[in-house]
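*Asks:* Here the sequence shown is numbered in the working numbering, starting from 808 and rising by one per residue.
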Amino acid sequence: MNQPTFCQCQLLKKLAFVIFILTSFLTSALVCSGAEEIERSIDEIMSSMTLEQKIGQMVQGNITHVTADDVARYYLGSVLNGGGSWPNKRKDSSIYDWLDLADEYYKASIDTTAGGAGIPIIWGTDAVHGHNNVKGATLFPHNVGLGAMQDSDLVESIAQATAREVAVTGLDWVFAPTIAIAKDLRWGRAYESYSDNSRLVGEYSSAMIRGLQGLPGALKDPDRVIATAKHFIGDGGTMKGVDQGDTQLNLADLLEVHGAGYRSAIEAGTQTIMASFNSWNGDKIHGNRQLLTEVLKQDMEFDGFVVGDWDGHGQVAGCTNASCPKAIIAGIDMFMVPKQWKKFLSNTIRQVRAGEVPMARIDDAVRRILRVKIKAGLFSKGPPSERLLAGNSGLLGSEEHRAIARNAVRDSIVLLKNNGRILPLRGKKNILIGGDGSDNIAKQSGGWTLSWQGNKNSNEDFPGATSIFQGLKLAIEEVGGSVAHAKGDSWQSDFTPDIAVVVFGEDPYAEGVGDREDLLFCDQNSENLRLVSKLREQNIPIVSVMLTGRPLMVNSHINRSDAFVVAWLPGSEGGGVADVLVADATGKPRFDFTGKLPFPWPNTEKNLENPDLPVSSILFERGFGRDYEDDSEVSRNLSTVACERKELKPLIIFNGITRNPFTAYIAESVDNVLAISGSETTLPSGSLSVTTVDGELQEDSRRVSWSGVGESRFFWQASSILDWRDYLDQDGALSVTFMIEKHPEGSVQQELDCGISCSGTFEMGPTFKAVPKGQWVRSAVPLRCLAKAGADLSQIRAPFVLKTEKKFSITIKDLRVATDLPKNALLQCD
808 MNQPTFCQCQ LLKKLAFVIF ILTSFLTSAL VCSGAEEIER SIDEIMSSMT LEQKIGQMVQ
868 GNITHVTADD VARYYLGSVL NGGGSWPNKR KDSSIYDWLD LADEYYKASI DTTAGGAGIP
928 IIWGTDAVHG HNNVKGATLF PHNVGLGAMQ DSDLVESIAQ ATAREVAVTG LDWVFAPTIA
988 IAKDLRWGRA YESYSDNSRL VGEYSSAMIR GLQGLPGALK DPDRVIATAK HFIGDGGTMK
1048 GVDQGDTQLN LADLLEVHGA GYRSAIEAGT QTIMASFNSW NGDKIHGNRQ LLTEVLKQDM
1108 EFDGFVVGDW DGHGQVAGCT NASCPKAIIA GIDMFMVPKQ WKKFLSNTIR QVRAGEVPMA
1168 RIDDAVRRIL RVKIKAGLFS KGPPSERLLA GNSGLLGSEE HRAIARNAVR DSIVLLKNNG
1228 RILPLRGKKN ILIGGDGSDN IAKQSGGWTL SWQGNKNSNE DFPGATSIFQ GLKLAIEEVG
1288 GSVAHAKGDS WQSDFTPDIA VVVFGEDPYA EGVGDREDLL FCDQNSENLR LVSKLREQNI
1348 PIVSVMLTGR PLMVNSHINR SDAFVVAWLP GSEGGGVADV LVADATGKPR FDFTGKLPFP
1408 WPNTEKNLEN PDLPVSSILF ERGFGRDYED DSEVSRNLST VACERKELKP LIIFNGITRN
1468 PFTAYIAESV DNVLAISGSE TTLPSGSLSV TTVDGELQED SRRVSWSGVG ESRFFWQASS
1528 ILDWRDYLDQ DGALSVTFMI EKHPEGSVQQ ELDCGISCSG TFEMGPTFKA VPKGQWVRSA
1588 VPLRCLAKAG ADLSQIRAPF VLKTEKKFSI TIKDLRVATD LPKNALLQCD
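Put into structure tokens, the structure is as follows:
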């Protein structure tokens, strides 16, 4: 074939340029034409809407508190499934359970027989690392791990896979991506931040939006969902890293540091943006018109709608969860009111009629919501169960999606230390694998996994997933090695390890619960510590694999390790860790380490000059990460801080989540015991039920209700024997923060169980009867009172048992043993 001449090449280039200009013009014209058509459609819809229908579009309730009849009667515009909310209140709900409920809501929303406006409802879900509320879905690494990849193309692929899996269940809208810039790693949501590098967050923001929504015009496609950029703005910049705290910056710095992801998201076409819980210089974002309207909608030209966070409007000064005209005026378009949405509706209607809220603001909010619904094709897609991908079980957790997740895992893990080039694991060696994170898919997946906090899950809850142990075992045995799994600090006597891999780290958590006072990691699992000590005594080389949502001060762990790997929170595909740690049959790495730190790694537990500020002493800078070519070594004498404290810190049993090593149960007899799971657990007889409720924060409390049909008990039990004699010596007490819902009709006993024929019992009936209903109260039983009543505090099994046979209802928010309790909280036994 003859090659074109220079002149021919120039002519072709000019022709291509002309075609490009014409195509751009036509595309622009079509977009403009489409936009005009959308606005005309909105005008037509709104012209016949009543005030009640308009306000209904602005309200989003949680599925546990909204029925299909409610949707039809109150014209609701949206529902959500908050963390730990599933169809039929079942964590194991099937694809078809999700579709059935989505169909019910959809059909109710378009029903015009009772005067409805016929506007399809939109269902939002927290799909923050895959479709993580649905059993069997692919779980991708949390954002902190994605930040370590530094690969926006892979991020876009993850978003595409997530959108497909969400579409399988018939949902339309995801509350992702989180584009926070975490500045203080004490923040409990730091793992939801890609990095403290604004440039990377900006790149990832647009990649996630493209992956979820597609390019402009593609949002109607069956494999796309509506995205949400969140949380606007400054959620990662609060003082001391306090969740929902105060970000103290001038406007220019706020936008420069925390606004990059929003500019990218808007350019990529994000249809919704979620307001943040935090304050800006003391003013709650949900009520800040300057930021929500002047900056976001006017200056940034965002034409989608702003959705509030979980009752976030209720934190605005002068507002409650059921009423907040200030937030409407400020620019919130859709209100997330999980429970009190009916009161919010009626109050808002009254406020508009009274002139407290301008009708123009209501019309603007409804127009924005309808604009998004039309762009997403909700008026033409039909019932959720009839959409193209609906019910396609082969897509949920598919091999293709799991391969993407596994790729993300191996590209995200970071090598901090590899003394003596102990990695990769080679040849026919005996490899011991241990640590409480080694065969624990829940721990490696972190918060926002099946439930809000990600706790109380077992490997059986993750069909198709692979633990780190399973992945390592398969890879090691493929090249002729042998594997043993340590149980605690023990392993089979006939197995002599050449190398040990110890997997440890943070237990799952989400916001609020995950906040820390400092960055010192103190392993709460004593068996991990005993295992490492035993290995060091026997001179067995140690490869430490840390599961964590953030960099932490772990110098003592690094000192004890020959190699140290940060795996972040990898999700369901633990095999990705083995891909990098285990060599092939020739002894060469199958994959090299490419992950780089998305945040600096601390060398101290706090800022030694000003504890209010983030840590300033850095061990490894952001961007650090070794590969197998790096033969430099790390000192075994890094400075350390002892975890042992002179004072006894409070031992928290429950404060929003049940802490390890405890589990909550209800029981009627020894043979009839149920572990608390999901949003509600009830004994078969109906004598006792426990429900997850909102106290001061989302789902931070448990309501325990006795029906009066027979004696039953509610209790927290430890997985191993506890010794509280140190707390006894320092005048400790068992403290419970509670609210009485219904006064007891008889005796209520609080008991500490220490084994067969061993217990200490304290009568609480009079105390509970004397407390007014509906008020939070803290009371504490001194440990000496329980010891005096017969409890052996050296062998505690169940530290808190509450039992009665009469009608009684109590909500519990916090349970702990502590030594610094106020005297007016202490009950007397003398």
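We put the beta carbon where it would ideally sit given N, CA and C, even for glycine.
What span of residues does the alpha helix (DSSP H) with V1008 cover, start to end?
*Replies:* Residue numbering aside, residue 1008 sits at position 201 when the sequence shown is read from its first letter. Counting along the chain, the alpha helix (DSSP H) containing V1008 begins and ends at 1005-1020.
*Asks:* Do G1068 and A1034 have their C-beta atoms closer together than 8 Å?
*Replies:* Walking along the sequence shown from the start, residue 1068 turns up at place 261. Walking along the sequence shown from the start, residue 1034 turns up at place 227. It is not a contact, given that the beta carbons lie outside the stated cut-off.
*Asks:* Helix, strand or coil for V1448 per DSSP?
*Replies:* Residue mapping note: residue 1448 aligns to position 641 of the sequence shown, counting from 1. Secondary structure at V1448: coil, using DSSP grouped into helix, strand and coil.
*Asks:* For P1407, which residues from the same chain have a beta carbon less than 6 Å from its beta carbon, with the 5 sequence-adjacent residues on both sides left out?
*Replies:* Start at 1 with the first residue of the sequence shown, and residue 1407 comes out as number 600. Contacts found: I1425, E1428, R1429.
*Asks:* What are the residues that DSSP puts in a beta bridge with Q867?
*Replies:* Taking the sequence shown and counting its residues from 1, one reaches residue 867 at position 60. Answer is S885, M1143.
*Asks:* Within 10 angstroms of its Cβ, does T920 collect 16 or more other Cβ (buried), or is it exposed?
*Replies:* The residue given as residue 920 occupies position 113 in the sequence shown. When all chains shown are included, T920 counts as exposed.
*Asks:* If we call anything under 8 Å between Cβ atoms a contact, is G1115 one with A1134?
*Replies:* Taking the sequence shown and counting its residues from 1, one reaches residue 1115 at position 308. Taking the sequence shown and counting its residues from 1, one reaches residue 1134 at position 327. Yes. Within cutoff.
*Asks:* Check F1151 in the structure and name its three-state DSSP category.
*Replies:* For the purposes of this step, residue 1151 is identified with residue 344 of the sequence shown, where counting begins at 1. Helix, per DSSP.
*Asks:* Taking all protein chains shown into account, do 16 or more other C-beta atoms lie within 10 angstroms of the C-beta of Q1105, making it buried, or fewer, making it exposed?
*Replies:* Numbered from 1 along the sequence shown, position 298 holds the residue referred to as residue 1105. Q1105 is exposed by the Cβ-count criterion.
*Asks:* Thinking C-beta only, is L1279 closer than 8 Å to V1389?
*Replies:* Reading the sequence shown from its first residue, position 582 is the one you call residue 1389. Reading the sequence shown from its first residue, position 472 is the one you call residue 1279. In this structure, L1279 lies closer than 8 Å to V1389 by Cβ.
*Asks:* Within 10 angstroms of its Cβ, does Q1600 collect 16 or more other Cβ (buried), or is it exposed?
*Replies:* Taking the first residue of the sequence shown as 1, we reach residue 1600 at position 793. According to the sequence as given, residue 1600 is Leu; it is not Gln. Flag for L1600 reads buried.
*Asks:* Please check the pair A1075 and S1013, which I expect to be a contact at CB under 8 Å, by giving their CB distance rounded to whole angstroms.
*Replies:* Position 268 of the sequence shown, counting from 1, holds the residue named residue 1075. Position 206 of the sequence shown, counting from 1, holds the residue named residue 1013. Going by Cβ atoms, the distance from A1075 to S1013 rounds to 4 Å, so yes, they are a contact pair.
*Asks:* How is the alpha helix (DSSP H) around P1132 delimited, first residue to last?
*Replies:* In the sequence shown, the residue the question calls residue 1132 occupies position 325. From DSSP, the alpha helix (DSSP H) with P1132 extends over 1132-1137.
*Asks:* Starting from L1223, trace the beta strand (DSSP E) in both directions and tell me its first and last residue.
*Replies:* Within the sequence shown, numbered from 1, the residue matching residue 1223 stands at position 416. Segment 1221-1225, the beta strand (DSSP E) holding L1223.
*Asks:* Please report the straight-line C-alpha distance between G1089 and F1039, rounded to a whole angstrom.
*Replies:* Translated into the one-based positions of the sequence shown, residue 1089 becomes position 282. Translated into the one-based positions of the sequence shown, residue 1039 becomes position 232. Computed Cα separation, rounded: 15 Å.
*Asks:* What residue from D1369, I1136, K1614 has the CA that sits closest to V1308's CA?
*Replies:* Against the sequence shown, residue 1308 aligns to sequence position 501. Nearest of D1369, I1136, K1614 to V1308, Cα basis: D1369.
*Asks:* Hey, L1415 and I1365 are a contact pair by Cβ (cut 8 Å); roughly how many whole angstroms apart?
*Replies:* Here residue 1415 refers to the residue found at position 608 of the sequence shown. Here residue 1365 refers to the residue found at position 558 of the sequence shown. No, L1415 and I1365 are not in contact; Cβ-Cβ is about 19 Å, not under 8 Å.
*Asks:* Can you tell me which of the three DSSP states M1546 falls into?
*Replies:* Here residue 1546 is taken as the residue at index 739 of the sequence shown, counted from 1. Looking at M1546 - three-state DSSP - the assignment turns out to be strand.
*Asks:* Going along the chain, which unbroken runs of the alpha helix (DSSP H) with 4 or more residues stay wholly within the region 1527-1602?
*Replies:* 1532-1536, 1572-1577, 1590-1595
*Asks:* Please look up how many angstroms separate the CB atoms of D1325 and K1413, rounded, as I've assumed it's under 8 Å.
*Replies:* For the purposes of this step, residue 1325 is taken as the residue at position 518 of the sequence shown. For the purposes of this step, residue 1413 is taken as the residue at position 606 of the sequence shown. The Cβ separation is near 4 Å, so the contact holds.
*Asks:* Thinking just about the alpha-carbon of each residue, which of K1576, T985, P1029, S1542 is nearest to the one in L804?
*Replies:* Past the boundaries of the shown model lies residue 804; the chain is included only from 808 to 1637, so the question cannot be answered.
*Asks:* When DSSP builds the beta bridges, which residues end up paired with S1265?
*Replies:* In the sequence shown, the residue the question calls residue 1265 occupies position 458. Looking at the DSSP output, S1265 shares a beta bridge with no other residue.
*Asks:* Looking only at C-alpha atoms, which of L1019, R1174, G943 sits nearest to E851?
*Replies:* What you label residue 851 is simply residue 44 of the sequence shown in a count that begins at 1. The candidate whose alpha carbon is nearest that of E851 is R1174.
*Asks:* Let me confirm a value: I1563 is counted as buried when at least 16 other C-beta atoms fall within 10 Å, else exposed. Which label applies?
*Replies:* Working through the sequence shown from its first residue, we reach residue 1563 at position 756. By the 10 Å Cβ count, I1563 comes out exposed.
*Asks:* Can you tell me whether DSSP reads A1385 as helix, strand or coil?
*Replies:* Your numbering for residue 1385 matches position 578 in the sequence shown. Judged by DSSP in its simplified three-state form, A1385 adopts helix.
*Asks:* My guess is that R1017 and L1222 are in contact by the Cβ rule of under 8 Å, so how many angstroms apart are they, rounded?
*Replies:* Looking up residue 1017 in the sequence shown gives position 210. Looking up residue 1222 in the sequence shown gives position 415. Here R1017 is actually not in contact with L1222; their C-beta atoms are around 31 Å apart, not less than 8 Å.
*Asks:* Could you tell me how far apart the beta carbons of N1332 and T1465 are, in whole angstroms, since I believe they sit closer than 8 Å?
*Replies:* Position 525 of the sequence shown, counted from the start, is the residue given in the question as residue 1332. Position 658 of the sequence shown, counted from the start, is the residue given in the question as residue 1465. Actually they are not in contact, since the Cβ atoms of N1332 and T1465 sit about 16 Å apart, beyond 8 Å.
*Asks:* Output the distance between the C-alpha atoms of E1143 and A983, rounded to the nearest integer angstrom.
*Replies:* The residue labelled residue 1143 in the question sits at position 336 within the sequence shown. The residue labelled residue 983 in the question sits at position 176 within the sequence shown. The displayed chain sequence assigns Met, not Glu, to residue 1143. Approximately 15 Å between the Cα atoms of the pair.
*Asks:* Could you give the C-beta distance for V1320 and Q1277, rounded to a whole number, given that I count them as a contact under 8 Å?
*Replies:* Working through the sequence shown from its first residue, we reach residue 1320 at position 513. Working through the sequence shown from its first residue, we reach residue 1277 at position 470. At roughly 28 Å, the Cβ-Cβ gap does not stay under 8 Å, so V1320 and Q1277 are not in contact.
*Asks:* Going by the beta-carbon positions, is the gap between A1197 and D979 smaller than 8 Å?
*Replies:* Walking along the sequence shown from the start, residue 1197 turns up at place 390. Walking along the sequence shown from the start, residue 979 turns up at place 172. Taking 8 Å as the Cβ cut-off, A1197 and D979 do not qualify as a contacting pair.
*Asks:* Between the C-alpha atoms of K942 and F1269, what's the straight-line distance to the nearest angstrom?
*Replies:* Locating residue 942 in the sequence shown gives position 135, where the first residue counts as 1. Locating residue 1269 in the sequence shown gives position 462, where the first residue counts as 1. When rounded, the distance between both Cα atoms is 6 Å.
*Asks:* Please state if the CB of F947 and the CB of G1227 are separated by a distance shorter than 8 Å.
*Replies:* In the sequence shown, the residue the question calls residue 1227 occupies position 420. In the sequence shown, the residue the question calls residue 947 occupies position 140. No, they are not a contact pair.
*Asks:* Closer than 8 Å is the cut-off here; do at least three beta carbon pairs connect the region 1475-1483 with the region 1241-1256?
*Replies:* no
*Asks:* Just to confirm before moving on: does the CB-CB distance between A1632 and S1586 stay below 8 Å?
*Replies:* Reading the sequence shown from its first residue, position 825 is the one you call residue 1632. Reading the sequence shown from its first residue, position 779 is the one you call residue 1586. Taking 8 Å as the Cβ cut-off, A1632 and S1586 qualify as a contacting pair.
*Asks:* Which residue wins for smallest C-alpha separation from D1538, given the options G1043, V1113, Q1635?
*Replies:* The residue labelled residue 1538 in the question sits at position 731 within the sequence shown. Answer by Cα proximity: Q1635.
*Asks:* In whole angstroms, what is the alpha-carbon distance linking P927 and F1109?
*Replies:* If you number the sequence shown from 1, residue 927 lands on position 120. If you number the sequence shown from 1, residue 1109 lands on position 302. Each residue's Cα considered, the two are about 23 Å apart.
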